[in-house]
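Asker:
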Amino acid sequence: MLNETKTIDKNTPVPLYYQLKELILEAINENKYTAGDVIPTEKEISSYYQISRTTVRQAIGELVQEGILYRVKSKGTFVAKPKIKQEYISKIQSFNDEILHRGMTPSTEVLQFRVLEGEEIPAEVIEAFQLSAEEKVIFLHRKRMADGRPIVHSKTFLPYALCSKVFQYDLNKERLYSILDMSDETRIHHLDRTIEAVEAGTEDAKLLEMEKKKPIQYIRSVGYNSFGKVIEYTMSRYRGDRNQFTVTVFHEVN
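Position in the sequence shown counted from 1, then plus 593, gives you this note's numbering.
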């Protein structure tokens with residue numbers, strides 16, 4: 594069972610479902626159940642702790658919503674793999690560096706890498722770069738993995754006039770930011786990022802190996818050089834069940 598040495602106290606004001614939820618989390622944190630393991634059934638838990646199945650269902654349901662557990666129809670409830678914690682929002686760091694920092698192996702698959710011009714260029718990219726009708730952009734679409742599992746796919750746009758050198762490199766292996774760092778004119782000095790929750794579409798489902806309409810973390814990044822010129826415009830779509838983002842906020846000093 595979850596924890597043979599601990600019981601659920603029915604004489605405290607702490608809700609029974611919450612006590613059970615803590616027992617399940619404790620069992621996972623102590624590696625009694627690891628990623629991919631099936632936990633006891635609702636019936637088994639209900640019988641062992643002498644609580645209602647409704648209470649068990651509520652505790653498990655919340656853990657499923659939080660991405661700690663997941664259900665497989667006709668098979669049971671399983672422990673999910675831990676989410677990848679990323680500081681992507683608060684500092685400039687390559688995907689590879691972030692994944693390596695988390696003790697996993699990053700990999701990249703370039704899906705498209707070409708020049709766009711005219712009506713091929715999305716309106717929001719034209720506006721961000723303030724492009725004239727004759728100017729071209731580089732389009733780079735990549736799928737990024739951690740330990741072989743798809744985490745995110747990103748569509749990056751770069752001004753062709755400044756960044757054509759990137760075509761000299763294999764971006765399945767090379768880091769884009771390392772290439773841009775070679776010149777003051779293309780080095781990313783700071784970024785504006787926005788994040789929102791959206792539903793996975795057909796492309797997301799295929800590339801990230803997930804179901805349509807499941808949650809996606811959509812992040813739009815606009816990168817500027819030290820002169821204030823836009824160098825990068827990226828639209829990234831992360832699997833909501835495999836990522837979480839942290840932001841450090843400091844008290845404003847007057």
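Idealized CB from N, CA, C, for every residue including glycine.
Would you list, in sequence order, the uninterrupted alpha helix (DSSP H) runs of no fewer than 4 residues that lie entirely inside the stretch 780-835?
Answerer: Counting whole runs of 4 or more residues, the stretch 780-835 contains the alpha helix (DSSP H) stretches 795-801.
Asker: Would you list the one or two residues that DSSP bridges to Y663?
Answerer: The residue given as residue 663 occupies position 70 in the sequence shown. In the DSSP output, where bridge partners are listed per residue, Y663 has F671.
Asker: Going residue by residue through the stretch 602-629, where are the continuous alpha helix (DSSP H) segments of at least 4 residues, counting only ones entirely within it?
Answerer: Counting only runs of 4 or more, we get 609-622.
Asker: Count the other CB atoms within 10 Å of the CB of L769; is the residue buried (16 or more) or exposed (fewer)?
Answerer: Locating residue 769 in the sequence shown gives position 176, counting from the first residue. Classification for L769: buried.
Asker: Identify every run of the alpha helix (DSSP H) within the stretch 705-733, keeping only runs that are complete inside it and at least 4 residues long; order them along the chain.
Answerer: Whole alpha helix (DSSP H) segments, 4+ residues: 716-722.
Asker: I need the straight-line Cα distance from F688 to E728, nearest angstrom please.
Answerer: Start at 1 with the first residue of the sequence shown, and residue 688 comes out as number 95. Start at 1 with the first residue of the sequence shown, and residue 728 comes out as number 135. Straight-line Cα distance between these residues: approximately 29 Å.
Asker: Use the C-beta contact count for E789: other C-beta atoms within 10 angstroms, 16 or more gives buried, fewer gives exposed.
Answerer: The sequence position of residue 789 within the sequence shown is 196, counting from 1. Its Cβ having fewer than 16 others within 10 Å, E789 is exposed.
Asker: Within 8 Å, do at least three Cβ pairs link the stretch 824-834 to the stretch 749-756?
Answerer: Because the criterion of three Cβ pairs below 8 Å is met, the stretch 749-756 and the stretch 824-834 touch.
Asker: Measuring straight from C-alpha to C-alpha, what distance separates E671 and D690?
Answerer: The count along the sequence shown starts at 1 and reaches residue 671 at position 78. The count along the sequence shown starts at 1 and reaches residue 690 at position 97. For the sequence presented, residue 671 should be read as Phe rather than Glu. Each residue's alpha carbon lies about 30 Å from the other.
Asker: Judging by CA-CA distance, which residue of D797, M828, D777, P808 is the nearest neighbour of F820?
Answerer: Here residue 820 corresponds to residue number 227 of the sequence shown, with the count starting at 1. Looking at the Cα atoms, D777 is the closest of the given residues.
Asker: Could you tell me the boundaries of the beta strand (DSSP E) in which L751 lies?
Answerer: Indexing the sequence shown from 1 puts residue 751 at position 158. Its beta strand (DSSP E) spans residues 742-752.
Asker: Please report how far the alpha carbon of M828 lies from the alpha carbon of Q658, in whole angstroms.
Answerer: As a working note, residue 828 is residue 235 in the sequence shown. As a working note, residue 658 is residue 65 in the sequence shown. Their backbone Cα atoms lie some 26 Å apart in a straight line.
Asker: I'd like to know whether the C-beta atoms of Q705 and H734 end up nearer to each other than 8 Å.
Answerer: Numbered from its first residue, the sequence shown carries residue 705 at position 112. Numbered from its first residue, the sequence shown carries residue 734 at position 141. Yes, they are a contact pair.
Asker: Please work out which residues of its chain come closer than 6 Å, Cβ to Cβ, to R646, disregarding the five sequence neighbours upstream and downstream, and give them in chain order.
Answerer: Here residue 646 is taken as the residue at index 53 of the sequence shown, counted from 1. Taken in chain order, the residues that qualify are E635, S639.
Asker: With C-beta atoms as the reference, is A798 less than 8 Å away from E792?
Answerer: Numbered from its first residue, the sequence shown carries residue 798 at position 205. Numbered from its first residue, the sequence shown carries residue 792 at position 199. No, these two residues do not count as a Cβ contact at 8 Å.
Asker: Any idea which residues DSSP pairs E702 with across the strands?
Answerer: Here the question's residue 702 lines up with position 109 in the sequence shown. DSSP, once it has assigned bridges, lists K736 as partnering E702.
Asker: Applying the criterion that 16 or more other CB atoms from any shown protein chain within 10 Å of the CB defines a buried residue, is F760 buried or exposed?
Answerer: Translated into positions along the sequence shown, residue 760 becomes position 167. The residue is exposed, with fewer than 16 neighbouring Cβ atoms inside 10 Å.
Asker: Alpha carbon to alpha carbon, how far is H783 from E767? Give it in angstroms, no decimals.
Answerer: As a working mapping, residue 767 is identified with position 174 in the sequence shown. As a working mapping, residue 783 is identified with position 190 in the sequence shown. Approximately 21 Å, taken between the alpha carbons.
Asker: Alpha carbons only, please: which of L709, G816, R786 is nearest the one belonging to D774?
Answerer: Within the sequence shown, residue 774 is the residue found at index 181, counting from 1. The residue with the shortest Cα to Cα distance from D774 is G816.
Asker: Taking the alpha carbon of P633 as the reference point, which residue from R786, L662, N622 has its own alpha carbon closest?
Answerer: Working through the sequence shown from its first residue, we reach residue 633 at position 40. Out of R786, L662, N622, L662 has the C-alpha closest to the C-alpha of P633.
Asker: Are there 16 or more other CB atoms within 10 angstroms of the CB of L693, so buried, or fewer, so exposed?
Answerer: To locate residue 693, count along the sequence shown from 1; it is residue 100. The residue is exposed, with fewer than 16 neighbouring Cβ atoms inside 10 Å.
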